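*Asks:* Let me give you the structure first, and then I'll get to my questions.
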Amino acid sequence: HLVSSGPPTTSLRNAKTTDQSGTVDASLNYTHTYETERREFSVLTLFSRNNRTNNFNNDIFEASDNRVGVVSNQNNSYNQEFTLQTDYQTPTAKNQLLEVGAKDIMRRVNSAYSYFGELVNPLQTNNAFNYRQNVTAGYAAYTLGLPKGFTLKPGLRYEYTIINADFANSTTPVNIPDYGVLVPSVNFSRKLANGNVLKIAYNKRIQ
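In our numbering, the protein residues as written are 8 to 214.
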């Protein structure tokens, strides 16, 4: 609870905010099949970019319409991701299938702002944040058909992540260590007489 003994003050603020977003998504895929049934090689590429503009301008006046000053902020940013993935599968025996693949994800994020105006101390502040992440992964999985409609699919996946981040106006780097993880996966399923499939699975991913 705050009580002021002085007279009340009145001011007028004209505010303009700009919030714009534009996204581009593109993909290109290729699959090569062989004479051997279920043998194929595929390449997948994905590109996504989101450009953002988030600005505001506050023009401040006294009750007498005298202009006090302005406070403005301009913030342009983007979030970009590119994915390249290759997969190969081939049967090794009756009711058995080997799958191997590799995947690389490159993420780029940038946010640059400028804060300025007569009421800003100092009169102008600028900075930019840059974030770069690269995730590389490889996997192998083996599908084994069992009697009575059962299927067992064990697998192994390794992912390694590199992250770099920094502020343009800072001499102190943001230290994020590289890391990797090796995780198993397993799928156990049974196809029922009515066509439904009952499945139990375990998997893990870096988020």
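We treat Cβ as the ideally placed atom computed from N, Cα and C, and that holds for glycine.
Here the structure is a predicted model, which is why all the values come from computation and not from measurement.
Just to confirm the assignment, what range does the beta strand (DSSP E) spanning Val75 have?
*Replies:* Taken as a continuous stretch (DSSP letters only), the beta strand (DSSP E) holding Val75 covers 74-100.
*Asks:* The beta strand (DSSP E) with Lys206 in it runs from where to where?
*Replies:* Residues 204-209.
*Asks:* If you reduce the DSSP assignment to three classes, tell me which class Pro184 lands in.
*Replies:* Pro184 falls in the coil class under three-state DSSP.
*Asks:* Considering Leu35, what are the terminal residues of the beta strand (DSSP E) in which it resides?
*Replies:* Unbroken beta strand (DSSP E) run through Leu35: 18-40.
*Asks:* Would you list the one or two residues that DSSP bridges to Ser49?
*Replies:* According to DSSP, Ser49 bridges with Thr38, Asp94.
*Asks:* In three-state terms, what does DSSP make of Gly156?
*Replies:* Of the three classes helix, strand and coil, the one that applies to Gly156 here is helix, per DSSP.
*Asks:* Distance check for Gly162 and Lys110, CA to CA, integer angstroms please.
*Replies:* Going from the Cα of Lys110 to the Cα of Gly162 covers about 16 Å.
*Asks:* Looking only at its chain, what residues have a beta carbon closer than 6 Å to the beta carbon of Gln81, apart from the 5 residues adjacent to it on each side?
*Replies:* Correct list, in chain order: Asn62, Ser121.
*Asks:* How long is the line joining the alpha carbons of Phe157 and Lys198, rounded to whole angstroms?
*Replies:* Between Phe157 and Lys198, the C-alpha separation is close to 7 Å.
*Asks:* Keeping to the same chain, check which residues put their C-beta closer than 6 Å to that of Leu53; ignore five residues upstream and five downstream.
*Replies:* Ser34, Thr90.
*Asks:* Specify, as a first and last residue, the run of the beta strand (DSSP E) that Asn117 falls within.
*Replies:* Note, Asn117: beta strand (DSSP E), 103-123.
*Asks:* Mind checking whether Gln103 and Gly152 have CB atoms under 8 Å apart?
*Replies:* Yes, Cβ-Cβ distance for Gln103 and Gly152 is below 8 Å.
*Asks:* For Glu44, which three-state DSSP category applies?
*Replies:* In the structure shown, Glu44 sits in coil (DSSP, three-state: anything other than H, G, I, E or B).
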